[in-house]
Amino acid sequence: MSGATNREAVFPTRQSLGLMKTKLKGAQTGHDLLKRKSEALTKRFREITRRIDEAKRKMGRVMQIAAFSLAEVTYAVGGDIGYQVQESAKSARFRLRTKQENVSGVFLPAFESYTTDGNNDFGLTGLGKGGQQVQRCRETYARAVETLVELASLQTAFVILDEVIKVVNRRVNAIEHVIIPRTENTIKYINSELDELDREEFFRLKKVQGKKQRDTAKQDAEMKARREKAEKAGKAEDDKENSGGGDILGEQDDTDVIF
Amino acid sequence: MEGLLFNVNNGYIEGVVRGYRNGLLTGNNYNNLIQCETIDDLKLQLGPAYGDFLASLPPNPSTSTLAAKTTDKLISEFRYVRANAVGSLAKFMDYLTYGYMIDNVALLITGTLHERDTRELLERCHPLGWFETMPVLCVATNIEELYNSVLIETPLAPYFKGSLSHQDLDELNIEIVRNTLYKNYLEDFHSFVNNDSEMAGTPTAEVMTEILEFEADRRAINITLNSFGTELSKTERKKLYPSFGRLYPEGSFMLSRADDIEGVRLAVEGVNDYKTYFDQAGMGQSSTGAGNMSGGVGGDGKSLEDLFYQKEMEISKGAFTRQFTFAIVYAWVKLREQEIRNITWIAECIAQNQKERIGNYISVF
Amino acid sequence: MAAPASAYKDRQFLAVIGDEDSVTGLLLAGIGHVTQPPDSQKNFLVVDSKTDNAAIEEAFERFTSERKDIGILLINQHIAERIRHRVDTYTSAFPALLEIPSKDHPYDPEKDSVLRRVRRLFGE
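Chains as they are written, first to last, in full-length UniProt numbering: chain A, 1 to 259; chain B, 1 to 365; chain C, 1 to 124.
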């Protein structure tokens with residue numbers, strides 16, 4: 001029997017056949033659903049990867065502009081403000097908030113940036129000179145960071161979706177290539193076992209019937225022989241032994257015929 | 001009259017500085033520089049002017065190392081001149097370094113406030129503002145010690161005394177400290193050039209007064225403009241204005257009351273130069289009221305700061321038309337600084353592929 | 001599958017490992033945050049030629065695993081290059097790891113760990 005190893009260990013009964021059929025049906029429905037989910041996610045995933053690609057390039061430009069505005073600051077201030085900026089950083093003005101987006105049952109977190117008010121660590125940087133450039137630079141960088149945050153959202157979505165799609169595809173494949181063939185094999189196995197049983201039963205019946213027929217034929221022949229004998233005897237002593245007619249009802253040897 | 005004895009002590013220096021001035025890059029040089037495609041090209045173009053100082057640079061150096069090397073040349077020249085200077089000129093040159101010293105001390109204060117290892121900061125200090133006792137300041141672990149050592153060890157003591165206490169260092173924003181010091185410094189410098197026996201009444205006093213007045217006005221205007229929208233109050237702001245300059249006293253007073261750019265514009269109305277700058281920079285008209293914040297990027301209009309730099313360069317250039325004056329040393333340092341800024345700017349533009357703004361440098365020769 | 005909400009709801013800061021200019025710029029944008037003393041921790045690290053790789057790795061470790069309040073970690077690409085093995089093996093969703101260009105090192109998509117994954121996935 002083919003695939004004998006790839007089936008579930010069940011007794012080939014009609015009940016388990018029913019169970020297997022339900023299971024197959026369930027697996028097929030599940031497969032369809034998961035496949036559709038995977039397709040939806042993949043679509044989303046491709047869209048995200050495309051946007052990541054774009055966003056990364058955009059980031060390249062934006063960061064360049066931002067770096068350039070810092071160069072302007074260096075030019076205007078005529079010195080290095082790096083250390084001072086590093087030391088006067090106290091509390092983040094630019095913060096993140098996370099929210100969720102539901103894509104086919106997968107929660108994708110997205111970052112959102114917001115600025116806290118009244119929190120200005122660098123308000124006086126470049127007071128003597130270059131202050132305007134510093135302000136401009138801050139704005140440019142703030143915009144750049146927004147782009148970065150956007151990109152980070154995409155990238156997180158990418159990482160999570162990647163993971164989810166892998167899991168879903170694994171399931172789809174498992175159902176398609178393992179569970180469904182296995183169930184089908186089991187059904188086939190049960191069917192063939194049941195058929196085999198049927199055939200055996202049929203053969204047995206045939207055998208029984210054949211025997212019965214042989215037996216009946218034999219009895220018939222005996223009966224016939226006896227009757228002929230009786231007739232012969234009857235003819236000889238016609239009126240004397242008329243009582244033999246009582247045997248005609250065949251109460252002695254007539255068995256039921258079973259089909 | 002001053003010409004009679006000037007050359008006895010200072011003639012050599014004047015000659016050297018004039019020589020240095022001729023070594024500054026000209027418009028022609030700049031035209032060559034902005035044609036460069038890579039930093040290496042730029043380095044090559046700078047070869048004649050900077051020679052040895054750029055020789056040790058690796059191929060395609062970063063702009064900051066390039067700037068550092070070009071500054072090195074200024075430093076070494078300045079030190080040479082300083083070593084040869086005597087009398088009032090030596091003192092004059094010391095005064096010149098105080099401005100940088102203020103920046104360095106501000107840096108050290110920041111470091112001490114945040115309990116950083118201030119020794120690391122020493123290499124970040126501007127070499128022109130380096131003074132021998134500076135490493136001593138690094139020993140200080142808290143702000144009070146630092147304050148005392150600044151008073152004892154540095155020439156900046158008079159600028160601290162009277163206007164800043166050690167609590168102030170702790171509480172005030174470092175920018176306010178820095179600008180307070182700078183204001184005191186400018187005032188002191190101003191009175192020095194006008195009262196020193198060797199300088200009073202000489203062209204030095206004349207030229208330096210012009211330069212310093214301009215510097216004072218520029219700071220006052222900038223501080224006012226930059227303080228809008230910050231926690232700096234008007235009374236505190238007023239304390240940062242130097243008490244001389246072409247805007248002083250009426251203009252300064254009006255500046256101290258200004259609430260917006262329009263107010264600043266009204267305050268400087270009295271001085272024709274500044275008024276023109278405001279008009280050129282497109283500031284003050286209500287339509288482009290916030291123009292200095294949002295505009296500028298990509299625009300070819302010069303910002304107010306650019307115009308101030310331009311003016312500073314012109315004054316400095318003008319200083320060389322006078323003879324027998326120390327002011328040319330000051331002017332030379334400023335011109336050279338601007339040149340370094342220009343080179344850095346051009347290098348940045350090349351390195352970052354922003355060629356369209358490369359022409360934003362300021363050249364007066 | 002999706003990370004539980006607790007994994008990111010407190011993540012409200014950005015962190016940065018970068019060269020001085022990048023860090024300065026980003027700090028100007030206002031992302032800098034120093035936690036309250038006594039154990040004040042900065043959310044940025046300035047890397048220069050003197051910083052050794054161990055220090056970078058340590059900061060990387062601190063921002064990615066130890067601190068739970070960081071949502072995005074920005075790292076200069078040329079610095080990521082120095083600890084490439086760590087960056088490439090980093091797969092968590094939080095904090096998101098972004099490689100950013102720096103002034104002297106323009107952005108190279110070929111080196112980006114995420115973009116390389118994208119490429120691999122689409123067999124390019």
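Virtual Cβ for every residue (Gly too), placed ideally from N, Cα, C.
V114/C at chain A interface by Cβ criterion, 8 Å: yes
Counted within 10 angstroms of its Cβ, other Cβ atoms place D88/C as buried (16 or more) or exposed: exposed
Identity of the residues DSSP links to A15/C by a beta bridge: Bridge partners of A15/C: L73/C.
Nearest-angstrom Cα separation, counted from A110/A out to Q100/A: 6 Å
Proximity to W345/B [Cα-Cα], best of N22/B, K311/B, R357/B, L335/B: R357/B
Buried or exposed by the 16-neighbour rule on C-beta atoms within 10 Å, applied to V139/B: Using a 10 angstroms sphere on the CB of V139/B, the tally of other CB atoms stays under 16, which defines it as exposed.
The stretch 215-226 of chain B in contact with the stretch 242-252 of chain B per 3-pair CB rule at 8 Å: yes
Exposure label - G131/A; buried when at least 16 CB within 10 Å: Under this definition G131/A is a buried residue.
Where the stretch 56-77 of chain A meets chain C: residues whose CB sits under 9 Å from a CB there: K56, R57, M59, G60, R61, M63, Q64, A66, A67, F68, S69, L70, A71, V73, T74
Cα-Cα separation, E171/B to L27/C: 22 Å
Beta-carbon proximity list for R51/A, same chain, < 8 Å, skipping 5 on both sides: L154
Sub-8 Å separation of E339/B and K129/A beta-carbons: Going by C-beta atoms, E339/B is not nearer than 8 Å to K129/A.
Range covered by the alpha helix (DSSP H) that runs through S113/A: Careful: S113/A lies outside any alpha helix (DSSP H), inside the beta strand (DSSP E) at 106-115.
Per-residue DSSP class, three states only, for I102/B: Assignment of I102/B by DSSP, reduced to helix, strand and coil, places it in the helix class.
Distance between M93/B and V81/B (C-alpha atoms, nearest Å): 9 Å
For G19/B, the nearest candidate out of V329/B, F160/B, Y159/B, I211/B (CA to CA): V329/B
Segment contact flag, the stretch 58-78 of chain B with the stretch 174-192 of chain B, C-beta cutoff 8 Å, min 3 pairs: The stretch 58-78 of chain B is not in contact with the stretch 174-192 of chain B.
Chain B residues whose Cβ lies nearer than 9 Å to that of Q84/A: A106, L107, T110, I174, E175
Bridge partner(s) assigned by DSSP for V103/A: V106/A
Contiguous alpha helix (DSSP H) assignments of at least 4 residues, all confined to the stretch 155-195 of chain B: For the stretch 155-195 of chain B, whole alpha helix (DSSP H) runs of length 4 or above, ordered along the chain, are 157-160, 166-171, 174-195.
Chain A contacts from the stretch 218-236 of chain B (Cβ-Cβ distance under 9 Å): Near chain A, meaning a CB-to-CB distance below 9 Å, the residues of the stretch 218-236 of chain B are R218, R219, N222, I223, L225, N226, S227, G229, T230, E231, L232.
Under 9 Å from the C-beta of D48/C: neighbouring residues of chain A: Neighbours of D48/C on chain A: none; closest Cβ ~10 Å, over 9 Å.
N- and C-terminal bounds of the alpha helix (DSSP H) containing E146/A: 131-174
7 Å Cβ shell around N128/B - same chain, five flanking residues per side excluded: The identity of residue 128/B in the sequence shown is Leu, whereas the question assumes Asn. Around L128/B: I75, F78, T97, Y100.
Three-way DSSP call (helix, strand, coil) for G291/B in this model: In this prediction, G291/B has a pLDDT of 38, which is less than 50 and means its spatial position is unreliable; what the coordinates show is noted afterwards. Here G291/B sits in helix by DSSP.
Chain-ordered neighbours of D104/C on chain B, where CB pairs are closer than 8 Å: Neighbourhood of D104/C in chain B, by CB distance below 8 Å: S62, T63, A351, in chain order.
Contacts of T125/A in chain B (Cβ-Cβ under 8 Å): E175
Closer than 8 Å to chain A by CB, D130/B: Checking the sequence shown, residue 130/B turns out to be Trp, not Asp. Chain A, which has no Cβ nearer than 8 Å to the Cβ of W130/B, makes this no.
CB contact check: E20/C to chain A, cutoff 8 Å: yes
Neighbour list for N179/B in chain A, Cβ cutoff strictly below 8 Å: L127, G128
Cβ pair A327/B, V207/B closer than 8 Å: yes
Neighbouring residues, chain B, relative to E87/A (Cβ below 8 Å): T110, G111, L113, H114, R116
Three-state secondary structure (DSSP) of R257/B: helix
Selection of the stretch 160-176 of chain A by Cβ proximity to chain C, strictly under 8 Å: Of all residues in the stretch 160-176 of chain A, only I160, D162, E163, V164, V167 place a beta-carbon less than 8 Å from a beta-carbon of chain C.
Residue-chain proximity (R246/B, chain A), Cβ-Cβ < 8 Å: It does not; no Cβ of chain A falls within 8 Å.
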